[in-house]
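I have placed the structure first, in the form of structure tokens, so that the comments after it can refer back to it.
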Amino acid sequence: MNKILSIVAIALLVSIFGFQPTPKAEDPKVLIDLGKKGAEVPASLYGVFFEEINHAGEGGLYAEMIRNRAFEDKEVPTGYSVVNGELVPPAVKNHLSGRIEKNTFKWEKETIPAWTINSKGEGASIQTTKTQPLDPSTPNNLLVKINSASTPAIVTNTGFWGIATQNGAEYLLRFYTRSDNYNGAITARIVGFDNTIIASQNVTATANGKWKEHKLILVANASQSKAHFELVFEKSGNVYIDYVSLFPKNTYKGRENGLRNDVATFLSDLKPAFIRWPGGCIVEGITVSNRVEWKKTLGDPMKRSGVYDTWGYRNSYGFGYNEFLQYCEDIGAKGMFVCNVGLGCQYRMGDACSDQDVDFYVKDVLDALEYAIGGTNTVWGAKRAKAGHPAPYPLQYVEIGNEQWGALYNKRFDIFYKAIKSKYPQLTLISNHGLGKGVKSVTKTDMIDPHWYVGPDFFFKNHNLFDNIPREDYKIYVGEYACNQRVGGGNMLAALSEAAFISGMERNSDLVKMASYAPLFENKNNREWPVNLIWIDNDKVVGRSSYYVQQLFASNRPSYNVSTQLQQPKSDKPIPLKGEGGIGLGFMDYTKRIQRLKDHNSRWKCNLS
Numbered sequence: 023m024n025k026i027l028s029i030v031a032i033a034l035l036v037s038i039f040g041f042q043p044t045p046k047a048e049d050p051k052v053l054i055d056l057g058k059k060g061a062e063v064p065a066s067l068y069g070v071f072f073e074e075i076n077h078a079g080e081g082g083l084y085a086e087m088i089r090n091r092a093f094e095d096k097e098v099p100t101g102y103s104v105v106n107g108e109l110v111p112p113a114v115k116n117h118l119s120g121r122i123e124k125n126t127f128k129w130e131k132e133t134i135p136a137w138t139i140n141s142k143g144e145g146a147s148i149q150t151t152k153t154q155p156l157d158p159s160t161p162n163n164l165l166v167k168i169n170s171a172s173t174p175a176i177v178t179n180t181g182f183w184g185i186a187t188q189n190g191a192e193y194l195l196r197f198y199t200r201s202d203n204y205n206g207a208i209t210a211r212i213v214g215f216d217n218t219i220i221a222s223q224n225v226t227a228t229a230n231g232k233w234k235e236h237k238l239i240l241v242a243n244a245s246q247s248k249a250h251f252e253l254v255f256e257k258s259g260n261v262y263i264d265y266v267s268l269f270p271k272n273t274y275k276g277r278e279n280g281l282r283n284d285v286a287t288f289l290s291d292l293k294p295a296f297i298r299w300p301g302g303c304i305v306e307g308i309t310v311s312n313r314v315e316w317k318k319t320l321g322d323p324m325k326r327s328g329v330y331d332t333w334g335y336r337n338s339y340g341f342g343y344n345e346f347l348q349y350c351e352d353i354g355a356k357g358m359f360v361c362n363v364g365l366g367c368q369y370r371m372g373d374a375c376s377d378q379d380v381d382f383y384v385k386d387v388l389d390a391l392e393y394a395i396g397g398t399n400t401v402w403g404a405k406r407a408k409a410g411h412p413a414p415y416p417l418q419y420v421e422i423g424n425e426q427w428g429a430l431y432n433k434r435f436d437i438f439y440k441a442i443k444s445k446y447p448q449l450t451l452i453s454n455h456g457l458g459k460g461v462k463s464v465t466k467t468d469m470i471d472p473h474w475y476v477g478p479d480f481f482f483k484n485h486n487l488f489d490n491i492p493r494e495d496y497k498i499y500v501g502e503y504a505c506n507q508r509v510g511g512g513n514m515l516a517a518l519s520e521a522a523f524i525s526g527m528e529r530n531s532d533l534v535k536m537a538s539y540a541p542l543f544e545n546k547n548n549r550e551w552p553v554n555l556i557w558i559d560n561d562k563v564v565g566r567s568s569y570y571v572q573q574l575f576a577s578n579r580p581s582y583n584v585s586t587q588l589q590q591p592k593s594d595k596p597i598p599l600k601g602e603g604g605i606g607l608g609f610m611d612y613t614k615r616i617q618r619l620k621d622h623n624s625r626w627k628c629n630l631s
């Protein structure tokens with residue numbers, strides 16, 4: 023057993039019980055009996071939960087440097103509309119309330135997000151079109167009109183709040199052009215904030231009306247954090263542009279379409295036992311038609327449709343299902359896939375597919391599992407092998423739905439559980455149930471998944487919560503938890519309170535088998551959620567104090583628990599099991615959850631009425 027007495031452990035005792043320089047007889051005491059072995063602490067306990075929120079992937083973990091690379095960022099989801107600058111979902115019935123919800127969501131304000139042209143009266147202009155698409159899955163492209171060649175037309179992409187370069191580093195550029203009347207050079211270059219040219223290469227456009235792919239290597243001659251990308255046209259004519267992609271050659275483990283080396287390494291330093299993907303609320307979508315569709319995240323990134331993200335921006339599907347599974351393998355983590363059960367986000371629109379369509383969603387998750395772990399003689403296992411990975415990936419867990427509840431969810435959970443378990447009995451299947459919330463309404467589950475987003479008092483007061491939970495025939499995965507109330511963007515008090523709660527999970531590891539903090543990432547330029555574990559800029563990655571609490575526990579996971587006993591004076595009040603509320607499935611009913619979402623309106627930039 024690892025025998026480690028850390029500064030965090032000492033701080034926890036001080037925080038929970040108070041500190042007095044001279045101990046008194048009536049002070050609380052913690053008695054430890056090393057001779058009495060308790061529950062073993064499983065290797066699965068500490069993992070991470072990835073969701074595309076706060077530009078966690080787009081402009082974060084995913085290494086793509088061009089924002090709106092396929093010009094799809096303002097593609098309105100099917101059935102949706104944009105009214106007064108806000109995204110309006112289709113009129114659907116919430117299956118819990120029976121009401122037609124009236125919600126609006128954030129929509130991009132820029133005409134062509136991240137793209138501009140230096141038009142100075144010569145008549146150069148840009149506009150998105152759907153003329154002769156490069157690929158049907160990404161119908162938009164950019165038309166550049168140059169009416170005069172007296173001044174070069176410069177089309178600029180700002181990247182994700184700037185493009186970071188390192189002196190001597192190589193960057194892989196890929197883009198497509200098509201023209202009927204432009205013959206000549208196009209200069210692709212990275213330009214610094216001071217207008218110095220950091221890297222530059224020329225390509226030749228051909229006026230034959232056909233799409234032409236260009237692949238270049240740009241070598242940076244300077245290190246900057248706020249550069250931008252340019253395409254320069256020195257002749258007149260019309261040119262269509264599509265799929266402009268720029269990657270550092272040095273991705274994590276050199277993977278094509280890979281991850282930022284610094285961010286992926288920083289995450290792997292947490293030593294996560296598992297990674298949960300793709301979310302979160304984006305699993306469900308605002309409506310079920312807006313959900314993440316894993317099959318569309320496979321293959322050539324140029325052909326991936328992307329989707330309007332539940333959190334208010336375009337998800338390119340760049341960090342897709344295969345990339346997730348590959349990263350799990352690269353860092354020695356197990357994969358957890360979260361599937362949709364034919365329900366839209368119950369916090370937002372809450373629509374449901376018909377009972378007749380449930381089989382489609384069951385088959386969809388079975389296909390996903392076949393892709394990850396099926397034999398190469400299966401349809402989807404063969405697709406995995408064709409993508410360059412004949413061996414199975416390390417997928418071990420499936421969460422059936424996300425933050426859903428009620429009779430319809432329970433009914434569908436049983437259907438999914440039976441179908442998955444009959445084909446893949448070795449997998450661990452997880453329900454969305456909180457503590458004592460509806461789990462008796464399903465036939466069988468391997469794990470439940472309560473969530474807590476609370477203030478520090480809750481975690482301090484409930485460090486012993488799991489001591490008092492009856493042991494049933496299922497285990498617990500605490501899939502989302504964080505101290506994010508009244509702690510600003512997160513502070514040491516929040517981290518210590520989380521450590522207190524973690525110590526309770528670890529002490530009760532016969533029951534709590536897995537846990538993951540949420541949200542995992544935020545790009546500092548796009549904070550949709552108030553408190554997040556890791557902060558990212560285009561050239562930096564920083565962990566908050568909570569990151570180092572997570573790292574400390576994961577890196578120093580003991581083999582097993584030993585007997586501990588808290589002795590308190592009889593006059594002390596007992597520590598309550600319930601403290602302040604939060605967005606937590608273990609403690610809040612539907613009405614309170616919706617109210618909590620409304621309270622977060624200014625942060626989430628959506629109107630929940």
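Each residue of the sequence shown is one higher than the one before, counting from 23 in the numbering used here. Glycine included, C-beta positions come from ideal geometry on N, C-alpha and C. All values reported here derive from a predicted model rather than from experimental measurement.
- Selection 233, 182, 209 and 73 evaluated against residue 198 yields 233 as nearest (Cα-Cα).
- The segment 93-109 and the segment 568-576 do not touch, with fewer than 3 CB-CB distances between them shorter than 8 Å.
- Secondary structure note for residue 248: its beta strand (DSSP E) is the uninterrupted segment 246-255.
- The continuous beta strand (DSSP E) containing residue 55 extends over residues 51-62.
- Residue 289 is positioned such that its CB atom lies closer than 8 Å to that of residue 70.
- Ranked by how close their Cα comes to the Cα of residue 224, the residues 256, 202 and 230 have 256 in first place.
- Around the CB of residue 182, 16 or more other CB atoms lie within 10 Å, so the residue is classed as buried.
- Nearest neighbour of residue 58 by Cα position, chosen from 494, 586 and 299, turns out to be 586.
- Judged by DSSP in its simplified three-state form, residue 149 adopts strand.
- Three or more beta-carbon pairs separated by less than 8 Å are not found between the segment 226-243 and the segment 164-183, which leaves the two stretches without contact.
- Around the beta-carbon of residue 48, fewer than 16 other beta-carbon atoms lie within 10 Å, marking it exposed.
- The closest CA to that of residue 140, considering only 341, 112, 178 and 477, is found on 178.
- Taking C-beta atoms as the reference points, residue 303 and residue 424 count as a pair closer than 8 Å.
- The alpha-carbon of residue 215 is positioned some 55 Å away from that of residue 467.
- In this structure, residue 292 lies away from residue 347, with their beta-carbon atoms at least 8 Å apart.
- Cβ atoms of residue 135 and residue 96 come within 8 Å of each other, at about 7 Å.
- Around the beta carbon of residue 555, a 10 Å sphere encloses 16 or more other beta carbons of the protein chains shown; the residue is thus reported as buried.
- For residue 252 and residue 212, the gap between their C-alpha atoms comes out near 6 Å.
- DSSP, read as helix, strand or coil, puts residue 296 in strand.
- With fewer than 16 other CB atoms across the displayed protein chains lying within 10 angstroms of its CB, residue 510 is exposed.
- Closest by C-alpha distance to residue 477, out of 459, 522, 443 and 413, is 522.
- Only buried fits residue 471, as 16 or more other CB atoms lie within 10 angstroms of its CB.
- Shown here for residue 436: same chain residues with a beta carbon closer than 6 Å to its own, the five before and five after excluded, namely 464 and 465 in chain order.
- Residue pairing by DSSP places residue 105 opposite 108 in a beta bridge.
- Measuring C-alpha to C-alpha distances from residue 517 to each of 537, 482, 491 and 529 identifies 482 as the nearest.
- A distance below 8 Å separates the beta carbons of residue 580 and residue 63.
- Partner residues in the beta bridge of residue 259, as assigned by DSSP, are 168.
- Taking residue 384 as the centre and dropping the five residues before and after it, the same chain places the C-beta of 437, 438 and 441 closer than 7 Å to its C-beta, in chain order.
- Contact check for residue 189 against residue 245 passes: the beta carbons are separated by less than 8 Å.
- Sequence-distant partners of residue 330 (beyond 5 residues in either direction) whose C-beta falls short of 7 Å from its own C-beta, in its chain, are 99, 312 and 336.
- DSSP places residue 350 inside the alpha helix (DSSP H), whose first and last residues are 343-353.
- From the listed residues 112, 85 and 122, the smallest Cα separation to residue 283 is found for 85.
- Counting along the chain, the unbroken alpha helix (DSSP H) around residue 287 starts and ends at 283-290.
- Here the segment 488-502 lies against the segment 527-536, with 3 or more beta-carbon pairs under 8 Å apart.
- Taken through DSSP and simplified to helix, strand or coil, residue 264 comes out as strand.
- A direct Cα-Cα distance of roughly 18 Å separates residue 319 from residue 87.
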